[in-house]
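K.L.:
My questions will all concern the structure given below.
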Amino acid sequence: MLTLESFEEASEIVKKVTQETKLIKSSYFSDLTGNKIFFKPENMQRTGAYKVRGAYYKISTLTPEEREKGLITASAGNHAQGVAYAANKFGVKAVIVMPTTTPLIKVERTKSYGAEVILKGDVYDEACEYALSLAQEEGYTFIHPFDDPAVATGQGTIAMEIIQELPLVDYILVPVGGGGLATGVATLAKLLNPHIKVIGVEPAGAACLRASLQKGEVVTLPQVNTIADGTAVQTPGEKIFPYLQENLDRVMTVEDNELIVAFLDMVENHKMIVENSGLLTVAALRHLDFKNKKVVAILSGGNMDVITMSSVVQHGLIQRDRIFTVSVLIPDKPGELVRVATIIAKEQGNVIKLDHNQFVSTNRNAAVELKITMEAFGTEHKNTIVRALEEAGCRPKVIRTSL
1 MLTLESFEEA SEIVKKVTQE TKLIKSSYFS DLTGNKIFFK PENMQRTGAY
51 KVRGAYYKIS TLTPEEREKG LITASAGNHA QGVAYAANKF GVKAVIVMPT
101 TTPLIKVERT KSYGAEVILK GDVYDEACEY ALSLAQEEGY TFIHPFDDPA
151 VATGQGTIAM EIIQELPLVD YILVPVGGGG LATGVATLAK LLNPHIKVIG
201 VEPAGAACLR ASLQKGEVVT LPQVNTIADG TAVQTPGEKI FPYLQENLDR
251 VMTVEDNELI VAFLDMVENH KMIVENSGLL TVAALRHLDF KNKKVVAILS
301 GGNMDVITMS SVVQHGLIQR DRIFTVSVLI PDKPGELVRV ATIIAKEQGN
351 VIKLDHNQFV STNRNAAVEL KITMEAFGTE HKNTIVRALE EAGCRPKVIR
401 TSL
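Just so we're aligned: the sequence shown equals residues 1 to 403 in UniProt numbering.
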């Protein structure tokens, strides 16, 4: 049972392995939403995510015999690091099964804590099935990443800290994968103050909890497809599902392209790196249907590899019209390229790539195609540049940008 006493115990125990993650007021999102927005930056934990809380508390509840058998778990990354780090603190063996799609940074950091890593399956559920089979074969003690009341209790210590720091909080937004974090946060929040609303946020491509709540029982999605790898879960936890039914006020979903915009929001306005799953609550802020409330968005983790980060930044700039491509048709004669470049320069556009195609037409004197990729300040600036090219007779056409 998730009781107030167990949450209080867990709050003291996890202090041995956690760092303080004080709330951060966001002026940017407060102004944008008409609410008082705060972030709970669990991406600043030693392991880069909140998962160390549940892992350490769970291991603390095991008997010495259970620990000595060795620990095993399955995880897309953050729980893996949490278990590896916690096992290292307890001086016991840890085996971690991770999906083959797990970002390299999470794999390497898990190994750095002394754990043995096995890559198996394309999604968490496949990795978990293999980990359970290994646990049976080798006698390991399995530490479930979310479907365990003790793990959920450890995760719920986040709510204790939020309410201690902001007693009059109205809403808490929490990312949802399998539901362990949402279970702990929602249950403790209701125990401390039934008036607090807790909203779970899932990726639209892996909304297993929403589907389960709608049906009134745990269901398994046929497949998941999302860039939020830490929450790419097909089935929510069965043991914790009743707590979610009782304590979670509602579930929101966000599309992957919204996470890309949210990443840029956090980098530019808060100078923080937050991984895609942790950005679920940030993206959800743009969909709030209330005003003048105190809202805490939990940033669950910040473990993102540089390649993924680079891709997200590029796509985010394209989505916001900060980078765009136009195709223009100009006569094939000296001076035309300079003329087009001068128009763009006059409007303060910055050219970053050119592609000159002389064979778009059999009549080169009539027209050749010039594809120009450039930087702009945003949509309004982009439209100004395009209008200037139109007025100069260049017949611009905005096309798909490929960097």
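Virtual Cβ for every residue (Gly too), placed ideally from N, Cα, C.
Roughly how many whole angstroms lie between the Cα atoms of Leu32 and Phe290?
P.N.:
Roughly 12 Å separates the two Cα atoms.
K.L.:
Starting from Gly180, trace the alpha helix (DSSP H) both ways and give me its first and last residue.
P.N.:
Start and end: 180-192.
K.L.:
Let me know the alpha helix (DSSP H) ranges lying completely inside the region 4-81, each 4 residues or longer, listed in chain order.
P.N.:
Complete alpha helix (DSSP H) runs here, min 4: 4-13, 27-33, 52-61, 64-68.
K.L.:
What is the rounded straight-line gap between the Cα of Ala94 and the Cα of Pro149?
P.N.:
Rounded to whole angstroms, Ala94 to Pro149 spans 21 Å at the Cα level.
K.L.:
Figure out for me which residue from Ile172, Val176, Ile162 has the closest Cα to the Cα of Pro145.
P.N.:
Selected option, being the one with the closest Cα: Val176.
K.L.:
Quick one: what's got a C-beta closer than 7 Å to Asn257's C-beta in the same chain, skipping five residues either side?
P.N.:
Same-chain partners within the cutoff: Gln319.
K.L.:
Within 10 Å of its beta-carbon, does Lys190 have 16 or more other beta-carbons around it, so buried, or fewer, so exposed?
P.N.:
By the 10 Å Cβ count, Lys190 comes out buried.
K.L.:
By how many angstroms is the C-alpha of Leu192 removed from the C-alpha of Leu168?
P.N.:
So the alpha carbons of these two residues sit roughly 11 Å apart.
K.L.:
One question on the structure: do Thr373 and Lys353 come within less than 8 Å of each other, judged by their Cβ atoms?
P.N.:
Closer than 8 Å, so yes.
K.L.:
How would you write the range of the alpha helix (DSSP H) that Tyr243 sits in, first residue to last?
P.N.:
Note, Tyr243: alpha helix (DSSP H), 241-247.
K.L.:
Rank Ile163, Gln81, Glu138 by C-alpha distance to the C-alpha of Ala186 and give the top, closest one.
P.N.:
Closest option to Ala186, Cα to Cα, is Ile163.
K.L.:
So what's Thr110 in DSSP terms, helix, strand or just coil?
P.N.:
Of the three classes helix, strand and coil, the one that applies to Thr110 here is helix, per DSSP.
K.L.:
Would DSSP call His195 helix, strand or coil?
P.N.:
Here His195 sits in coil by DSSP.
K.L.:
Can you say whether Ile307 is buried or exposed, counting buried as having 16 or more other CB atoms within 10 angstroms of its CB?
P.N.:
Exposed, because fewer than 16 other Cβ atoms sit within 10 Å of the Cβ of Ile307.
K.L.:
How is Gly154 classed by DSSP in three states: helix, strand or coil?
P.N.:
Three-state result, Gly154: helix.
K.L.:
Among all the DSSP beta bridges, which residues are the ones paired with Asp256?
P.N.:
Paired residue(s): none; Asp256 is not in a bridge.
K.L.:
To the nearest angstrom, how far is it from the Cα of Val117 to the Cα of Lys69?
P.N.:
For Val117 and Lys69, the distance between alpha carbons rounds to 17 Å.
K.L.:
The beta strand (DSSP E) spanning Tyr171 covers which residue range?
P.N.:
171-175 is the extent of the beta strand (DSSP E) around Tyr171.
K.L.:
Can you say whether Gly178 is buried or exposed, counting buried as having 16 or more other CB atoms within 10 angstroms of its CB?
P.N.:
Looking at its Cβ environment, which holds 16 or more other Cβ atoms inside 10 Å, Gly178 is buried.
K.L.:
Per the DSSP calculation, Thr330 is bridged to which residue(s)?
P.N.:
Checking the sequence shown, residue 330 turns out to be Ile, not Thr. Its beta-bridge partners are Val368.
K.L.:
Can you tell me whether DSSP reads Val90 as helix, strand or coil?
P.N.:
This sequence places Phe at residue 90; Val is not what is there. It is helical.
K.L.:
State the start and end residues of the unbroken beta strand (DSSP E) segment that holds Lys397.
P.N.:
It spans 397-399 - the beta strand (DSSP E) in which Lys397 sits, taken as one unbroken run.
K.L.:
Tell me whether His356 is buried or exposed, calling it buried when 16 or more other Cβ atoms sit within 10 Å of its Cβ.
P.N.:
The residue in question, His356, is exposed, as its Cβ has fewer than 16 Cβ neighbours within 10 Å.
K.L.:
Taking the alpha carbon of Val92 as the reference point, which residue from Ile59, Ala80, Thr101, Pro103 has its own alpha carbon closest?
P.N.:
Of the candidates Ile59, Ala80, Thr101, Pro103, the one whose C-alpha sits nearest the C-alpha of Val92 is Ile59.
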